[in-house]
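Asks:
Residue numbers (the working numbering): 1 to 145.
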């Protein structure tokens, strides 16, 4: 009985640590991804396929810290590759995710702390919602691409 209770506790603890990213605005929507603090996984399972990992600067393919660098983050801009001189794909000002490096670039989406919406309007279509606040900005920005 103690083993079952311990396993149940571990399962619940791990579930609480991962943050789910769901389709649409409903907290009951399909879970597309989950974030465990380092890896973005497919689906809601902590054993799901790892799509990318983030080390605080680089977003890499797969779960390995030696995987190919897809993007790098400088605190505002998401760039291609590992170079700080790489092409800026998008920038994030804390609310709007814009094309390129300019604060006047076209707004692709906006994030209100819970919902990722198309365009700059707070009434725009919600395509993803987040059930936690520990998902790093570059991961949210990347999801907008």
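Just so it is clear, CB atoms sit at the ideal spot from N, CA and C, and this is done for glycine as well.
#1: Would residue 24 and residue 130 be called neighbours here (beta carbons separated by less than 8 Å)?
#2: Among 137, 115 and 71, whose alpha-carbon lies nearest the alpha-carbon of residue 27?
#3: Decide yes or no for the touch test of the region 68 to 75 against the region 94 to 101: beta carbon pairs closer than 8 Å, at least 3 of them.
#4: Can you find the residues in the same chain that come closer than 6 Å, C-beta to C-beta, to residue 105, ignoring five residues on each side of it along the sequence?
#5: Considering only residues of the region 67 to 101, which uninterrupted beta strand (DSSP E) runs meet the minimum length of 3 residues and lie entirely inside it, listed in chain order?
#6: Which residue marks the beginning of the beta strand (DSSP E) containing residue 145, and which one marks its end?
#7: Specify the secondary structure class of residue 59 as computed by DSSP and reduced to three states.
#8: For residue 121 and residue 82, what's the separation of their Cα atoms in angstroms?
#9: What would DSSP say about residue 139, mapped onto helix, strand or coil?
#10: From what residue to what residue does the beta strand (DSSP E) around residue 22 run?
#11: On the three-state DSSP scale, how would you describe residue 54?
Replies: So, from the listed chains and residues:
#1: no
#2: 115
#3: no
#4: 98 and 99
#5: 69 to 73, 77 to 80, 88 to 92 and 96 to 99
#6: First-last for residue 145: undefined, no H or E at that position.
#7: strand
#8: 32 Å
#9: helix
#10: 19 to 23
#11: strand
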